[in-house]
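Protein chains in written order, with my numbering: chain A, 1 to 198; chain B, 199 to 645. Don't be surprised by glycine CBs; every beta carbon is placed ideally from N, CA and C. Quick caveat: nothing in here was measured; it's all calculated off a predicted structure.
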């Protein structure tokens, strides 16, 4: 695919935040890549700015992380998703699994609450965190393209305020969201192309 | 995709506004944020908002004050208070002021999503309820015919029953009662509705012209027939032919009409080849056709052919309870037409209307409302706008000469027949030429 004369592919970046182990991400890259036509790259770890940490809440402000991701986004980045192990909040909600810039470039997802209540006596819960993470990344990426919450409970774009609903939904878009996504991606690519220097 | 609802976020912290509107968009709401009470009130004045998420503590006008003013501006808008200070006292006060609910910051995403979903569902029910009520109310309006009186309800019922049949209908009623509207409603509710509706006012055409209008003519049929012309029967093929003032047609034309009704075919004037037509016939008259039959002016066989179904329209004086509804409908109609804002009628004016006999029926009422709206800015129709008050004033000045009496009577009759010279001449029992001469002599002009 040619972009303004350069042979550059718009790419989706996954950026591990703080000390998040990037090797976990290799498992989900392939699955996510199959849902989008773009290559997916894992970037190097990025430290969260100290101003993003709220010492009283002991949480990290997702809005500040999004701003930071926007600033460091590589030039060929179509979308950037930050992956964190710390707890996220935004100024209005007590916590968020993740947050996206609606129709924007960046999103952030945290695994902190995706582990659920830990009970050491019980065997490891299924499904694993990594599957939940994949769903949340696909969900937030959908928002960055302009997809809204879907009423289909098995669609990855279904609103999930808790782990139960995260586990219930599939990691895929329903046919309606998929159709909408195709249209939104085409629109986004048009915009992306227009913005690129020739 | 259609948004679920329109939500206005009012919070002095920009970051809160961004985060909340972003999430609301993801939840498929149309969201906009403003940062103070004054802007919120402005936004509410400018546009309709279904829900407002209102911060309790803001600099300047606080949330409670904004809430009170919002309730005055848009009582239907649901307001949810948001506060960082969980206090029972605040929540009770806010609810007393008309807030729908109260939510504590930082918000629980699930709780807010559920609350908004409940509100939207409730609003959908309210809207559905309003729609159903409106539909119920609109049963007082059938196509363009207005009436909640029992007599009109029976007419509506009959129209509904007869519309989708091919039965010939005879509509009877005084002038101005809406006979053509009924004919159009029958056509509009029949399976012929996508085919033409052709109306012919038989009284307005001289006999020779009426025949050629109805049946058409072949080239050379008479002097001036330099091309073949299709008649109204042919033009109405597949649809409905409405013959208004059927009582006015001559006995000769009645025979021809009878043949068409019997054989479903006719010949153009000057032609020999019969043309078959599939036309539904609706006729109307303000005459008592049975009396005309007795007088030998109307063929009884044609009458029975036409009168398969009879719809009798009541004169307005017999359904005066419809007057307020009619006034309202005409006000709406002429407000749009003349860009005015009339929305009420003076009690005295309505009383006068209820007292009046309305010889010109609904058409006369329509003209009265039109005139009242044209001559004033509104918003109220006043008694002084009504011509019946003016004629009362005039009647105190008794005409002196016989000529004056004649002039007044001619003017009155012209008004009664909406300045239709043919009908007025007939009512006065003089010919049209004489009537024209008298109109010129007295310098009478159509208002």
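Assignment of residue 315 of chain B by DSSP, reduced to helix, strand and coil, places it in the helix class. The three-state reading of DSSP puts residue 400 of chain B in helix, counting H, G and I together. When 8 Å is used as the limit between beta carbons, residue 148 of chain A is near these residues of chain B: 199, 223, 224, 225, 226, in chain order.
Taking CB atoms only, residue 220 of chain B has a neighbour in chain A less than 8 Å away. Close partners of residue 214 of chain B in chain A (Cβ separation under 8 Å): 91, 92. Using a CB distance cut-off of 8 Å, residue 70 of chain A does not count as an interface residue toward chain B.
The beta-carbon distance between residue 11 of chain A and residue 54 of chain A, rounded to whole angstroms, is 32 Å. This is too long to meet the 8 Å contact definition. Beta-bridge pairing by DSSP links residue 486 of chain B to no other residue. Within the stretch 152-178 of chain A, the residues whose Cβ lies closer than 7 Å to some Cβ of chain B are 159, 161, 162, listed in chain order. By the Cβ-count criterion, residue 631 of chain B is exposed, with fewer than 16 other Cβ atoms from all chains shown falling within 10 Å of its own Cβ.
The beta carbon of residue 307 of chain B sits closer than 8 Å to some beta carbon of chain A. A contact between stretches requires three or more CB pairs, one per stretch, nearer than 8 Å, and the stretch 500-509 of chain B fails this requirement with the stretch 464-475 of chain B. Taking a C-beta distance under 8 Å as the contact criterion, residue 256 of chain B and residue 210 of chain B qualify as a contact pair. For residue 211 of chain B, the neighbours in chain A by C-beta distance under 8 Å run, in chain order, 91.
When Cβ-Cβ separations below 8 Å define contact, residue 577 of chain B makes no contact with chain A. For residue 552 of chain B, the uninterrupted alpha helix (DSSP H) segment begins and ends at 545-553. Closest by C-alpha distance to residue 275 of chain B, out of B:264, B:451, B:282, is B:264.
Within the stretch 262-299 of chain B, the complete alpha helix (DSSP H) segments at least 4 residues long are 286-294, listed from N- to C-terminus. The beta carbons of residue 31 of chain A and residue 188 of chain A sit no closer together than 8 Å. At least 8 Å separates the beta-carbon of residue 318 of chain B from that of residue 92 of chain A. Counting along the chain, residue 59 of chain A sits inside the beta strand (DSSP E) bounded by residues 59-61. Here the C-alpha atom of residue 174 of chain A lies approximately 56 Å from the C-alpha atom of residue 576 of chain B. Positions of the alpha helix (DSSP H) runs, each at least 4 residues long and wholly inside the stretch 34-91 of chain A, are given as 62-72 in order along the chain. DSSP, read as helix, strand or coil, puts residue 157 of chain A in coil. Around the beta carbon of residue 436 of chain B, fewer than 16 other beta carbons sit within 10 angstroms, so the residue counts as exposed. Minimum Cα-Cα distance from residue 501 of chain B among the listed residues B:359, B:368, B:569, B:273 corresponds to B:368. CA-to-CA, the gap between residue 258 of chain B and residue 249 of chain B works out to about 22 Å. In the DSSP assignment, residue 477 of chain B falls outside any beta strand (DSSP E) and carries neither an H nor an E. Closer than 8 Å to the CB of residue 304 of chain B there is at least one CB belonging to chain A. Setting aside the 5 residues that flank it on each side, residue 89 of chain A is surrounded in the same chain by 54, 57, 59, 60, 61, 62, 95, 96, each with a C-beta closer than 8 Å to its C-beta; the list follows chain order. Rounded to whole angstroms, the Cβ separation of residue 544 of chain B and residue 581 of chain B is 6 Å, and the two are in contact under 8 Å. With at least 16 other beta carbons inside 10 angstroms of its own, residue 68 of chain A counts as buried. Within chain A, the residues placing a beta-carbon under 8 Å from that of residue 311 of chain B are 159, 161, ordered along the chain.
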